[in-house]
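J.: For what it's worth, our numbering labels the leading residue of the sequence shown as 29, then goes sequentially.
Just so it is clear, CB atoms sit at the ideal spot from N, CA and C, and this is done for glycine as well.
Computed from a predicted model, the values in this text were never measured in an experiment.
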Amino acid sequence: MKKLLSLALVLILVFLSIYAYGFQETSTRADLLVFGAPPKEDGSLGSTLESRLIKAKQYLLVHEEARAILLGGGSPLSEAQAMADYLVEAGVSKDRLILEENSSSTWTNLIEARQLMEELGIDKALALSSDYHMLRIRFLAKRLDMELYPLPAKTPAGVLIPSYGREVLALIKSFFLDR
């Protein structure tokens, strides 16, 4: 029983840390790393990815000098390509979009992003993802010595509970396995 209570306490503390970190937003101006989420089977955007892209569009239309590295593989339509299609349709020049289509997890997103940032001469960036994702991104970025600042998108109400629940487990997994 004590082990079960200890586990419950740890999970609650992890959840609260994820929740609290999602409210941190920076005023730093920089290029963006936009973390993908799988599009629906028909190629349309899920609510999580759409929320991230609305935030990316708003930032990119105001900060016309900023570029965006769009992160995410998958097939037949990669997450990065789905994001590029949306942003171009929203009025963002495709010349400002860099697609990274090889990654399949937050860890590999960051490894690929670090390589692209080095190639492009980017020393710091804004990490744009869902609020629940910010703590893990920051934690993993520190492991890779990346200078990232949070730019969280609000998680849609319909996916709030499963997203946070999954993120608790993903953060614990990343703590032990993503190195």
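Gln86: buried (16+ other C-beta within 10 angstroms of its C-beta) or exposed?
T.: Residue mapping note: residue 86 aligns to position 58 of the sequence shown, counting from 1. Classification for Gln86: exposed.
J.: For Gly101, is the classification buried or exposed, using 16 other Cβ atoms within 10 angstroms of its Cβ as the cut-off for buried?
T.: The count along the sequence shown starts at 1 and reaches residue 101 at position 73. With 16 or more other Cβ atoms inside 10 Å of its own Cβ, Gly101 counts as buried.
J.: Helix, strand or coil for Ala169 per DSSP?
T.: Position 141 of the sequence shown, counted from the first residue, corresponds to residue 169. Correct three-state label for Ala169: helix.
J.: Compute the beta-carbon to beta-carbon distance between Thr56 and Leu154, rounded to the nearest angstrom, for a pair I have assumed lies under 8 Å.
T.: Taking the first residue of the sequence shown as 1, we reach residue 56 at position 28. Taking the first residue of the sequence shown as 1, we reach residue 154 at position 126. The Cβ separation is near 7 Å, so the contact holds.
J.: What residue range does the alpha helix (DSSP H) around Tyr114 cover?
T.: Taking the first residue of the sequence shown as position 1, residue 114 is located at position 86. Looking at the DSSP string, the run of the alpha helix (DSSP H) that includes Tyr114 is 107-117.
J.: Would you kindly work out how many angstroms separate the C-alpha atoms of Ala198 and Arg164, rounded to a whole number?
T.: To locate residue 198, count along the sequence shown from 1; it is residue 170. To locate residue 164, count along the sequence shown from 1; it is residue 136. Straight-line Cα distance between these residues: approximately 8 Å.
J.: Provide the residue span of the alpha helix (DSSP H) that contains Pro190, from first to last.
T.: Taking the sequence shown and counting its residues from 1, the one referred to as residue 190 is at position 162. Looking at the DSSP string, the run of the alpha helix (DSSP H) that includes Pro190 is 188-205.
J.: On the DSSP bridge assignment, give the partners of Tyr177 in chain order.
T.: The residue you call residue 177 lines up with position 149 of the sequence shown. DSSP output for Tyr177 lists Leu154 as bridge partner(s).
J.: Between which two residues does the beta strand (DSSP E) carrying Leu127 extend?
T.: For the purposes of this step, residue 127 is taken as residue 99 along the sequence shown, with counting starting at 1. That run of the beta strand (DSSP E) goes 125-128.
J.: May I ask which residues mark the beginning and end of the alpha helix (DSSP H) holding Leu61?
T.: Translated into positions along the sequence shown, residue 61 becomes position 33. Careful: Leu61 lies outside any alpha helix (DSSP H), inside the beta strand (DSSP E) at 59-63.
J.: Does the Cβ of Ala169 have 16 or more other Cβ atoms within 10 Å, making it buried, or fewer, making it exposed?
T.: Counting from one through the sequence shown, the residue named residue 169 turns up at place 141. Buried, by the Cβ-count rule.
J.: May I ask you to report which of helix, strand or coil DSSP gives Leu148?
T.: One-based indexing of the sequence shown puts residue 148 at position 120. Correct three-state label for Leu148: helix.
J.: Rounded to whole angstroms, how far is the Cβ of Leu172 from the Cβ of Ile139, which I believe are closer than 8 Å?
T.: Translated into positions along the sequence shown, residue 172 becomes position 144. Translated into positions along the sequence shown, residue 139 becomes position 111. The pair is a contact, with the Cβ atoms about 7 Å apart (cut-off 8 Å).
J.: May I ask you to list the residues that DSSP assigns as paired with Leu99?
T.: Walking along the sequence shown from the start, residue 99 turns up at place 71. BP columns for Leu99 point to Phe63, Glu128.
J.: Looking at the unbroken alpha helix (DSSP H) that takes in Leu90, where does it start and where does it end?
T.: Your numbering for residue 90 matches position 62 in the sequence shown. What sits at residue 90 in the sequence shown is Val, not Leu. Here the alpha helix (DSSP H) through Val90 covers 75-90.
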